[in-house]
Each structure stands twice: as structure tokens, then as C-alpha cells.
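Enquirer: Residue numbers (full-length UniProt numbering): 1 to 309.
All residues carry an ideal CB built from backbone N, CA and C; glycine is no exception.
Structure below.
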């Protein structure tokens, strides 16, 4: 082996064993800085999801969670958690507890999230929503979850917007009454997927939260959706701040990891850190590139965007 290559590899290997927390200084002989050590925790609490690291961690979600931990992540989220077998939920909860990781959101859905439902005010939809909220409490206990995502479905275009809003408020009050007893917080998510969705903006969600007036009804501020629907991300976030309990991430266009699109995530993360945000930031996006290389690129993107101090 050439002496220079030997020195380079030896130096990098030695640096990887140093106490984590800062990037090494510039190296001699024109060598570049090493990547931050795997396992170094982030400044904010980012939460990957099932499948994001399947090529690196394995097909099993449990194995992926271990891989996430080894890379420095300290939270997960799983939209489909309620659809998993209770025994699997228990295993996930026990592993998270063992690793000291936090459970982010899962989705509460009685099958009505993607159709005209709560905006109608019909009793059948309110009853289904309350029933699924009760079931969500059992899931939350198994995985020690604090937050669960809710959406009110599509516009009922035969009703005035104010009446639809009132119907949603009533349904969410009923759900909050159930969830409050166990301390589970439903976080309503304004979306941009199609023009039929009733809940579109953080400001609209803010008004509904104030009307529901419950610690179990807050906002999920999904930065990807808010960029598509309104932009003006930081000012609107600040206006709605006292009702925001959870944040999700995705760059635009494409809904992939930070640095893949137009959103300045490093600046947003710095702003959240300055505000003292201690909650979970769900990585609700795909990978810009396939395979292990794409997965490592996701981690690299978060290291770069999290480097704001």
C-alpha cells in the first residue's frame, strides 16, 4: 500500500473513535474532513419510517429501527401502525423503550380520511371517528405514542364552508374527549395532495384548534404540504406556533429528503432549534435515489441540514 494511502486510512480510522460531537479539523497533506461519526445524535429529533433504510438495515422494521439508532436517530414514525398486528406493535414498543427512542405519529383512520366524511356532520362519520379514536388508545399504549395524525376528509361542496368547519370542530371535540383521558394528542394535518381535501393550511387548522380548545387537538405542520399550499413557511409557523405539536419534513418538488429541492431546511431547522422545539420531526418523504447509496445520501442530507450551530 502506498504510504500516503496508508496514512489517510489510518488517520480517518483513528478519528472515528474519538468522542463524537464535532467534525475533525482540516487534515494535513490536503486530505478532506471525515464524515461525522455514525451514531452521533442530531440537534433535532428526526424520525425515519419503515422502508426508508430497508437496504441498509434489513427487511424487518425492527432491524431497521436498530439501524436508525446506530445512525444517530432517536425517534421513528409509522403511519400504518394501527394496521400492524398487536404482537408486532408490542415488539416495536419494547425495542423503542430498550433503545431510548421515541415514537412519533401514527395515523387514525376509520376508512374515511380520503372521502367526504366529517365535513358533512353526519352521525355515522362522527361515530366511526370516535370508535377509531378509542382503538388508537390501545395502539398508543403498546408503542408509547404521544401523537396521532387526523384529517377531516374532503369538502362537502353542498354545504357552506362555515357549516363544514363547524361540523369538523364538533367531530374533533368528540375525538379529543376520548383521547384526553389517556394523554394522546391528535395532530390535524393540512394537506396538498388534491383540491378536494378540506384542511389546507396551518392558519385554518389554527382556528379549528382554538375552537376545539383541547390539549389533545393540535396541528401537524408538514413543511412539504405547506410549501405547496402557501409557502411563507417560517412566518406562518410562528403565527400558529402555540398550536403546533408535531412537524414533518419533505423537500419540494418531489417530496424527498432535504437538499433535494427548493426548501432551505438548514435555515428552518436552525429556526426550530432557536425556538426551543423539543418534539419529533417526522421524515415523511421518499429517498431521492435508490438502494443503499440512496439511503446513505438521506443520512448525509440530514447531517448537512442539521449542521446549523
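Do you know whose CA, among 287, 247, 240, 206, lies nearest residue 259's CA?
Expert: 287
Enquirer: Checking 9 Å against the spacing of the C-beta atoms, do residue 267 and residue 308 come in under that value?
Expert: Contact: yes.
Enquirer: What are the complete alpha helix (DSSP H) segments, minimum 4 residues, inside the stretch 241 to 294?
Expert: Contiguous alpha helix (DSSP H) elements confined to the stretch 241 to 294 occur at 265 to 274, taking only those with 4 or more residues.
Enquirer: In or out: residue 51 buried (at least 16 other Cβ within 10 Å) or exposed?
Expert: exposed
Enquirer: With a Cβ-Cβ cutoff of 9 Å, do residue 305 and residue 277 count as a contact?
Expert: no
Enquirer: Taking the continuous alpha helix (DSSP H) assigned at residue 224, which residues delimit it?
Expert: 223 to 229
Enquirer: Could you check how far apart the C-beta atoms of residue 89 and residue 149 are, in whole angstroms? I think they sit under 8 Å.
Expert: The C-beta distance from residue 89 to residue 149 rounds to 17 Å, too long to fall under 8 Å, and the pair is not in contact.
Enquirer: Does the stretch 151 to 166 come close enough to the stretch 103 to 118 that 3 or more CB-CB pairs lie under 8 Å?
Expert: Touching, yes.
Enquirer: Residues in its own chain within less than 6 Å of residue 61 by CB, not counting five upstream and five downstream?
Expert: 50
Enquirer: Ignoring anything shorter than 3 residues, give me the beta strand (DSSP E) runs that lie fully in the stretch 123 to 165, in order along the chain.
Expert: 147 to 150
Enquirer: Look up residue 302 in the DSSP assignment and give the residues it is bridged to.
Expert: Looking at the DSSP output, residue 302 shares a beta bridge with no other residue.
Enquirer: Just confirm the distance between the C-beta atoms of residue 205 and residue 188, as a whole number of angstroms; I'd bet it's less than 8 Å.
Expert: 5 Å
Enquirer: Going by DSSP, which residues form a beta bridge with residue 209?
Expert: Among the bridge pairs identified by DSSP, residue 209 is matched with none.
Enquirer: Cα separation between residue 200 and residue 237?
Expert: 14 Å
Enquirer: Ordered along the chain, which non-local residues of its own chain (more than five positions away) have a Cβ less than 6 Å from that of residue 265?
Expert: The residues are 258, 305.
Enquirer: What three-state label does DSSP hand residue 45 in the structure shown?
Expert: Strand, per DSSP.
Enquirer: For a test of the three-state rule: what should DSSP assign to residue 108, helix, strand or coil?
Expert: coil
Enquirer: Return yes when the Cβ of residue 239 is within less than 9 Å of the Cβ of residue 216, no when it is not.
Expert: no
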